[in-house]
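S.K.:
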Amino acid sequence: MFRAEAEAASESARRDVQGRQLHELVQVLKNCRSDFWLDRLDGIEAADIRTVDDLQQLPFTTKADLRDNYPWGMLAVPRSLTVRAHASSGTSGRPTIVAYTSRDVTLFAEVVARSLVCAGARSEDVLHVAYGYGLFTGGLGLHYGGEKLGATVIPASGGNTELQLQLLTDLRADGLAATPSFAMLLAERAAHQGLTGLNVRYLVCGAEPWSEGFRGKLEAAWTELAGHPVIARDIYGLSEVIGPGVAMECAESPGSLHVFDDHFLPEILDPETDKRVPDGQRGELVLTTVTKEALPVVRYRTGDVTALQRGTCACGRTHPRIARIEGRTDDMLIVRGVNVFPREIETVLLEAEELNGAYAIVVDRRETMVSLDIHAEVAGTVPPEGLADHLRHRLTSRLRVTPRVTLHPEDTLPRTAVGKVKRVYERLDDTDPLGLPRSD
Ligand code: DLL
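Numbering (the working numbering), first residue to last: 1 to 440.
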């Protein structure tokens with residue numbers, strides 16, 4: 001553990017501190033100069049907020065609040081006290097700006113250092129960071145976390161796979177931090193070049209949803225390149241809360257991520273009723289920051305779907321854990337009245353050993369009745385006889401809609417070398433959104 005006194009603290013000790021911090025947070029927000037906070041907390045008295053259970057009395061915050069108060073309206077400190085800003089990856093409209101004081105930047109590095117240790121990182125490691133550097137929190141977040149740990153950080157950023165592979169080989173990186181899709185792309189390119197004997201032991205992957213099936217393929221590909229077991233661990237976070245390092249999977253317990261709740265308080269809500277659901281039940285993750293200065297968030301609606309679990313992990317950490325993110329409340333596709341989560345499609349596709357993990361979902365809106373086209377690559381050049389039919393049946397029984405399934409030779413579908421992978425495309429006219437050669 002990077003900070004055992006916090007990561008393995010007893011639940012009761014942590015609850016005491018959290019209650020105090022929450023009380024102080026409300027006090028600070030009610031006395032700051034932001035009209036947004038004065039208005040949002042109108043009617044709430046800090047004196048009534050004493051324990052984490054009182055969290056439920058507080059109002060929510062959303063991405064729309066950040067957008068409406070662009071750029072600095074939600075700051076709880078004067079802008080002059082901030083030392084850095086990032087922007088979150090919005091798909092439409094203005095970006096949302098998030099800012100950090102010097103203490104926030106230290107906190108950011110701390111939780112990322114903890115996350116790296118969860119994956120098996122050590123201070124003597126070489127850490128290759130292939131998340132984008134810039135407005136996105138991934139690159140700089142992993143960078144300063146790696147430095148805090150004492151690792152030798154290689155700020156490779158995204159893109160330029162040739163140079164990345166050369167650096168990974170020559171500098172003997174122990175760890176690679178990258179989106180899962182980019183880590184896979186690097187493995188594919190390395191295999192094409194016939195590279196072997198890479199030193200990588202662990203992958204720190206996040207920023208986009210990825211299934212257990214994808215993990216299996218990613219670990220197998222890197223294990224092949226390295227000639228020793230390579231583990232891929234899931235790092236979760238979002239700009240509005242801090243960036244990467246809100247929660248992290250440890251080496252001992254794949255499938256659940258420790259939420260660093262001495263800084264970020266998690267709740268799971270039923271998105272329909274906005275009420276808390278019992279532990280173990282899925283719902284929307286809502287987060288409150290209790291130690292951030294510049295841009296604290298209160299009950300921030302992440303839109304990410306997961307479930308909460310408590311109890312000490314095999315690794316000794318006592319933080320509550322969230323299940324790997326299943327999808328977002330807003331990435332659900334509605335096809336012929338049926339709700340379909342892209343992650344379910346990935347789960348079915350990645351069960352097939354014949355596929356290499358590259359796939360794309362096209363929502364075809366050319367007719368009144370929307371239909372679903374699934375494109376996937378096989379490992380090799382020729383799709384095995386009957387595989388497309390088999391996948392169509394499996395998808396139909398899981399999704400309750402029947403998609404068209406088209407299989408392609410490897411290296412046909414679009415790849416993402418910079419930023420977050422795009423899996424879902426819309427087709428509105430005769431232009432193929434995937435830019436594939438016509439088959440007729
Ligand atoms: O993606 C922060 C990050 C950087 C996380 C590097 C991990 C590694 P945003 O760009 O603000 O921040 O996007 C946040 O990405 O609400 C989720 O929907 C999604 N996301 C992040 N991590 C995961 C993950 C960064 N491990 C949004 N699994 C979040 C699934 C993830 N989805």
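Quick reminder that beta carbons are idealized off the backbone N, C-alpha and C, glycines included.
1) Using the Cα positions of Ala109 and Cys205, report the straight-line distance between them to the nearest angstrom.
2) Please classify Pro461: is it buried, with 16 or more other beta-carbons within 10 angstroms of its beta-carbon, or exposed?
3) Is Asp65 close to ligand 3? I mean its beta-carbon at under 7 Å from any heavy atom of the ligand.
4) Quick check: the Cα distance between Lys217 and Ala183, rounded to an integer number of angstroms?
5) So Gly145 and Leu116 are in contact, right, with Cβ under 8 Å, and what is the actual spacing, rounded?
6) Per the contact definition of three or more C-beta pairs closer than 8 Å, is the stretch 390-406 in contact with the stretch 339-352?
7) What do you reckon, is the C-beta of Pro392 under 7 Å from a heavy atom of ligand 1?
8) Pull up the CB-CB distance for Val405 and Ser239, whole angstroms please, since I reckon it's below 8 Å.
9) With C-beta atoms as the reference, is Thr289 less than 8 Å away from Val297?
10) Quick one: give me the first and last residue of the beta strand (DSSP E) that Cys205 is part of.
11) With a Cβ-Cβ cutoff of 8 Å, do Asp262 and Ala76 count as a contact?
12) With the cut-off set at 8 Å, would you say Leu407 and Pro383 are in Cβ contact?
13) In its own chain, which residues sit with a C-beta less than 6 Å from the C-beta of Gly175, not counting the 5 before and 5 after it?
14) Please indicate yes or no: does the CB of Ile235 lie closer than 7 Å to some heavy atom of ligand 1?
15) Following the continuous alpha helix (DSSP H) through Phe264, name the residue where it begins and the one where it ends.
16) Is the Cβ-Cβ distance between Ala388 and Leu349 less than 8 Å?
17) Between Arg328 and ligand 1, is the CB less than 7 Å from at least one heavy atom?
18) Quick check: Thr137 and His86, are their CB atoms within less than 8 Å of each other?
19) Can we count Ile345 as close to ligand 1, meaning its CB is less than 7 Å from some heavy atom?
20) Taking Ile242 as the reference, which of Gly194, Ala294, Ser10, Asp270 has the closest Cα?
21) Considering only residues of the same chain and omitting the five flanking positions on each side of Leu167, which have a CB-CB separation below 7 Å?
22) Roughly how many angstroms separate the alpha carbons of Lys420 and Ile325, rounded to a whole number?
23) Terminal residues of the continuous alpha helix (DSSP H) containing Pro155?
24) Answer with buried or exposed for Ala9, where buried requires no fewer than 16 other C-beta atoms within 10 angstroms of its C-beta.
25) Between Pro155 and ligand 1, is there a pair consisting of the residue's CB and a ligand heavy atom that are separated by less than 7 Å?
26) For Pro209, which option in Ile235, Val111, Gln281 has the closest C-alpha, if you only look at C-alpha atoms?
27) Please identify the residue among Thr273, Ser211, Thr312 whose C-alpha is closest to the C-alpha of Cys250.
28) I'd like to know whether the C-beta atoms of Glu426 and Val338 end up nearer to each other than 8 Å.
29) With a threshold of 16 other CB atoms inside 10 Å of the CB of Ala47, please say whether the residue is buried or exposed.
30) Determine, using beta carbons only, whether Val200 and Ala226 come nearer to each other than 8 Å.
31) By alpha-carbon positions, which one of Arg67, Arg366, Ile44 ends up nearest to Leu22?
32) Rounded C-beta distance between Ser256 and Ala323? I'm assuming under 8 Å.
33) Is the Cβ-Cβ distance between Leu308 and Pro244 less than 8 Å?
34) Alpha carbon to alpha carbon, how far is Ala360 from Phe264?
35) Would you please state the rounded distance, in angstroms, between the beta carbons of Thr169 and Leu198? I believe it to be under 8 Å.
36) Over the uninterrupted beta strand (DSSP E) stretch that includes Ile97, give me the two end residues.
M.R.: In terms of the structure at hand:
1) As a first step, residue 109 must be located in the sequence shown, where it is residue number 109. As a first step, residue 205 must be located in the sequence shown, where it is residue number 205. Looking at the two C-alpha atoms, the distance is approximately 17 Å.
2) Nothing can be reported for residue 461: it is not among the residues displayed for the chain, which extend from 1 to 440.
3) Annotation note on ligand 3: not contained in the displayed structure, which lists ligand 1 as its ligands.
4) Numbered from its first residue, the sequence shown carries residue 217 at position 217. Numbered from its first residue, the sequence shown carries residue 183 at position 183. Rounded to the nearest angstrom, the two C-alpha atoms are 11 Å apart.
5) Taking the sequence shown and counting its residues from 1, the one referred to as residue 145 is at position 145. Taking the sequence shown and counting its residues from 1, the one referred to as residue 116 is at position 116. So it is a contact: roughly 6 Å between Cβ atoms.
6) yes
7) For the purposes of this step, residue 392 is identified with residue 392 of the sequence shown, where counting begins at 1. Here residue 392 is Arg; the residue named in the question, Pro, does not match the sequence. Answer for Arg392: no, Cβ out of range of ligand 1.
8) Residue mapping note: residue 405 aligns to position 405 of the sequence shown, counting from 1. Residue mapping note: residue 239 aligns to position 239 of the sequence shown, counting from 1. Wrong, their Cβ atoms sit about 36 Å apart, outside the cutoff.
9) Against the sequence shown, residue 289 aligns to sequence position 289. Against the sequence shown, residue 297 aligns to sequence position 297. Yes; because the gap between Cβ atoms is below 8 Å, this pair is in contact.
10) For the purposes of this step, residue 205 is identified with residue 205 of the sequence shown, where counting begins at 1. 202-206 is the span of the beta strand (DSSP E), which, as asked, contains Cys205.
11) For this step, residue 262 is matched to residue 262 along the sequence shown. For this step, residue 76 is matched to residue 76 along the sequence shown. Cβ atoms of Asp262 and Ala76: not closer than 8 Å.
12) What you label residue 407 is simply residue 407 of the sequence shown in a count that begins at 1. What you label residue 383 is simply residue 383 of the sequence shown in a count that begins at 1. For Leu407 and Pro383, yes; Cβs fall inside 8 Å.
13) Position 175 of the sequence shown, counting from 1, holds the residue named residue 175. The answer, listed in chain order, is Ala121, Asp125, Leu127, Tyr202.
14) For this step, residue 235 is matched to residue 235 along the sequence shown. At least one heavy atom of ligand 1 is nearer than 7 Å to the Cβ of Ile235, so yes.
15) Along the sequence shown, read from residue 1 onward, the residue named residue 264 stands at position 264. Counting along the chain, Phe264 falls outside any alpha helix (DSSP H), though it belongs to the beta strand (DSSP E) covering 264-269.
16) Residue numbering aside, residue 388 sits at position 388 when the sequence shown is read from its first letter. Residue numbering aside, residue 349 sits at position 349 when the sequence shown is read from its first letter. Going by C-beta atoms, Ala388 is not nearer than 8 Å to Leu349.
17) One-based indexing of the sequence shown puts residue 328 at position 328. Arg328 Cβ: within cutoff of ligand 1.
18) For the purposes of this step, residue 137 is taken as the residue at position 137 of the sequence shown. For the purposes of this step, residue 86 is taken as the residue at position 86 of the sequence shown. Cβ distance < 8 Å, so Thr137 and His86 count as in contact.
19) Within the sequence shown, residue 345 is the residue found at index 345, counting from 1. The answer is no for Ile345.
20) Counting from 1 along the sequence shown, the entry for residue 242 is found at position 242. Comparing Cα-Cα distances from Ile242 to each of Gly194, Ala294, Ser10, Asp270, the minimum goes to Ala294.
21) Walking along the sequence shown from the start, residue 167 turns up at place 167. Once the five neighbours on either side are set aside, the close Cβ partners of Leu167 are His128, Ile154, Ala156.
22) Numbered from its first residue, the sequence shown carries residue 420 at position 420. Numbered from its first residue, the sequence shown carries residue 325 at position 325. Using only the alpha carbons, I get a separation of about 15 Å.
23) For the purposes of this step, residue 155 is taken as the residue at position 155 of the sequence shown. Where Pro155 is concerned, there is no enclosing alpha helix (DSSP H), although the beta strand (DSSP E) it sits in stretches over 152-155.
24) Taking the first residue of the sequence shown as position 1, residue 9 is located at position 9. Buried is the call here.
25) Here residue 155 refers to the residue found at position 155 when the sequence shown is read from its first residue. Not so, every heavy atom of ligand 1 lies at least 7 Å from the Cβ.
26) Walking along the sequence shown from the start, residue 209 turns up at place 209. Comparing Cα-Cα distances from Pro209 to each of Ile235, Val111, Gln281, the minimum goes to Ile235.
27) Reading the sequence shown from its first residue, position 250 is the one you call residue 250. The shortest Cα separation from Cys250 among Thr273, Ser211, Thr312 belongs to Thr312.
28) Position 426 of the sequence shown, counting from 1, holds the residue named residue 426. Position 338 of the sequence shown, counting from 1, holds the residue named residue 338. No, they are not a contact pair.
29) As a working mapping, residue 47 is identified with position 47 in the sequence shown. It is exposed - the Cβ of Ala47 has fewer than 16 other Cβ atoms within 10 Å.
30) Residue numbering aside, residue 200 sits at position 200 when the sequence shown is read from its first letter. Residue numbering aside, residue 226 sits at position 226 when the sequence shown is read from its first letter. Yes; because the gap between Cβ atoms is below 8 Å, this pair is in contact.
31) For the purposes of this step, residue 22 is taken as the residue at position 22 of the sequence shown. Ranking Arg67, Arg366, Ile44 by Cα distance to Leu22 puts Ile44 first.
32) As a first step, residue 256 is located in the sequence shown; it is residue number 256 there, counting from the start. As a first step, residue 323 is located in the sequence shown; it is residue number 323 there, counting from the start. Correct: roughly 6 Å between the Cβ atoms.
33) Here residue 308 corresponds to residue number 308 of the sequence shown, with the count starting at 1. Here residue 244 corresponds to residue number 244 of the sequence shown, with the count starting at 1. Their beta carbons are not under 8 Å apart, which means Leu308 does not touch Pro244 by this criterion.
34) Numbered from its first residue, the sequence shown carries residue 360 at position 360. Numbered from its first residue, the sequence shown carries residue 264 at position 264. So the alpha carbons of these two residues sit roughly 34 Å apart.
35) For the purposes of this step, residue 169 is taken as the residue at position 169 of the sequence shown. For the purposes of this step, residue 198 is taken as the residue at position 198 of the sequence shown. Indeed, because the Cβ distance is near 6 Å, the residues count as touching under 8 Å.
36) If you number the sequence shown from 1, residue 97 lands on position 97. 96-101 is the span of the beta strand (DSSP E), which, as asked, contains Ile97.
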